[in-house]
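Residue numbers (the working numbering): 219 to 633. Don't be surprised by glycine CBs; every beta carbon is placed ideally from N, CA and C.
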Amino acid sequence: MKKRVFPMPSADRLKATLIRDVAGERFRALVDTFVGAYGDGDLQLFSAPGRAEIGGNHTDHQHGRVLAASVNLDIACVARRSEEPRIRIASPGFPEVDITLDTLEPVPAEAGDSAALARGMAAGFVARGLPVAGFDAVTVSNVFPGSGLSSSAALETLIGVILRKFGGGAISAEDIAILAQRAENRFFGKPCGLMDQMACAVGGLIAIDFKDPAAPVVERVAFDFAASGHALCVTGPIGSHADLTPAYAAIPREMRQVAEAFGKNFLREVSPEEFYAALPSLYGKLPDRALLRAMHFFAEDARVPEEVQALRFGDFAAFLRLVNESGRSSFQYLQNVYYGDEMGLCIALFESERVLNGAGAIRIQGGGFAGTIQAFVPLPLVPDYAGAMDRIFGAGACHALTIRPVGAAAIEVDP
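Here you go:
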């Protein structure tokens, strides 16, 4: 059996956040799990982070602007190149993904399953003319499904960097994100935007403009949240994501109804001035909720560059005000805070307001309906805030996160 040696990774390649992870027992245990499942060999370590949406709630699918960040929760992976045209991925608590690469079209029976994401990513590489190699992988994740931190985008981008590493093709993090969205839309069957994948793939705090989704403009935002005196707390998962796909799908569908009234495909192609000038004629012709969701889009899309400017100028008070405005807009106009009797997010928002009592800021995290809320909490209030959330939603429901500077990556080790 080949001896397995995992020295400390290069600080230049990996950054301190991942060095601590690799040096600990998490990856070592994952290596043992891999050998038990697939045998020994030339093993490679990978990591793909979850993401937090900081600004731009449901703007990406309308080619709008977002502010997002990768966080210090990730899918860790040990993988080995395979000589077979086959992808196998074992993950604790989930059925093994086992697909051949002979078929690279959507398989209806795989819709909603991780196998669809693996097949879709491989298909995307082939469509780009990139070489694809099969692989075996074992993963473990602390990006909890349903948490609003985008475990699916983390998995998609993880598969993308594995395919890049083992196939040897040249593809950027941004293009991996584009292929990941394609896989989720066409193969998995969820009509998501591109923000989640871009944040997981690129890493750090980034502003993204999706005006041209084939070539999104990605800018890094230099801001030290650790020096702000606030923690980024997320609470979730709250409620169940079961049967919520129709609710998610209704948001882009209704926004596009409004865009189509102007002969456009997406709301970003319509100016706010055009929309408000036409509002009297649109009222009664289009569903009221579609109009309200369009109102949210125009306000939220304009809010993102204001948030970026506030951070770049170090005006954290202005940033918090804008975060609160985003939260209210999602609740009142986007209306993605509850669905039928699923109102846990409403309770979480009310309790957050009560505990924070005017301090910090709160908003919806991600898709909404169920999932996660986000709060910027003054450091002295973190114990009280986390305790209040945990008492209602269960021990460990509230997580104080940090922003990770590295996106999905192969973890290179020193020779």
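Check	Outcome
Cα-Cα separation between residue 240 and residue 495, rounded to whole angstroms	Because residue 240 sits at a pLDDT of 47, beneath the cut-off of 50, its placement in the model cannot be relied upon, and the following sentence gives the value as read from the coordinates. Straight-line Cα distance between these residues: approximately 56 angstroms.
Proximity of residue 635 and residue 275 at Cβ, strictly below 9 angstroms	Residue coverage of the chain in this structure runs from 219 to 633, which leaves residue 635 outside it and unanswerable.
With 16 other Cβ atoms within 10 Å as the buried cut-off, status of residue 550	exposed
Contacts around residue 579, its chain only, beta-carbon distance under 6 angstroms, and the 5 residues preceding and following it disregarded	538, 541, 542, 594
Boundaries (first-last residue) of the beta strand (DSSP E) holding residue 309	Unbroken run through residue 309: none, as it is neither H nor E.
Straight-line gap, residue 231 to residue 535 (C-alpha atoms, nearest Å)	At residue 231, the pLDDT of 40 sits below 50, so the modelled position is not reliable and the matter cannot be decided from this model.
Start-to-end residues for the beta strand (DSSP E) that takes in residue 661	Outside the shown range of the chain, which is 219 to 633, sits residue 661, and nothing can be said about it.
Identified DSSP bridge partners for residue 616	453
Inter-stretch contact (C-beta, 8 angstroms, three-pair minimum) for the segment 583 to 593 and the segment 562 to 573	yes
Rounded C-alpha distance that separates residue 421 from residue 400	19 angstroms
Selection from 571, 585, 619 that minimises the alpha carbon distance to residue 606	571
Close-in-space but distant-in-sequence residues of the same chain around residue 280 (CB under 6 angstroms, 5 per side omitted)	473, 484, 485, 486, 515
Environment of residue 575 [buried if 16+ CB atoms lie within 10 Å]	exposed
Simplified DSSP state of residue 605, which is helix, strand or coil	helix
Supposed contact pair residue 583 and residue 391 - C-beta distance, whole angstroms, cut 8 angstroms	Not a contact, Cβ separation roughly 22 angstroms.
Selected residue, minimal CA-CA separation from residue 215, among 332, 311, 326, 302	The chain is shown only over 219 to 633; residue 215 falls outside these bounds and no answer can be derived.
Bridge partner(s) assigned by DSSP for residue 582	591
Given residue 619 as reference, the closest of 339, 336, 397, 367 once Cα atoms are compared	367
Local Cβ density within 10 Å of residue 435, reported as buried at 16 or more and exposed below that	exposed
Whole-number beta carbon distance between residue 264 and residue 396, since they are thought to touch under 8 angstroms	Their Cβ separation, rounded to whole angstroms, is 19 angstroms, which puts residue 396 and residue 264 out of contact at 8 angstroms.
Cut-off 8 angstroms between Cβ atoms - residues of its own chain near residue 385, not counting five sequence neighbours on either side	343, 348, 349, 350, 351
Residue 420, enclosing alpha helix (DSSP H) - first and last residue	413 to 420
Per DSSP, the bridge partner or partners of residue 271	286
Beta strand (DSSP E) runs wholly inside the segment 519 to 589, at least 3 long, in chain order	579 to 583
Pick from 479, 525, 462 that is closest to residue 211, judged by C-alpha positions	Here the chain comprises residues numbered 219 to 633, so residue 211 is not present and cannot be evaluated.
Test item: CB-CB of residue 357 and residue 307 under 9 angstroms	yes
Backbone CA spacing between residue 468 and residue 410 [nearest angstrom]	11 angstroms
Cα-Cα separation, residue 521 to residue 553	18 angstroms
Rounded C-alpha distance that separates residue 509 from residue 489	14 angstroms
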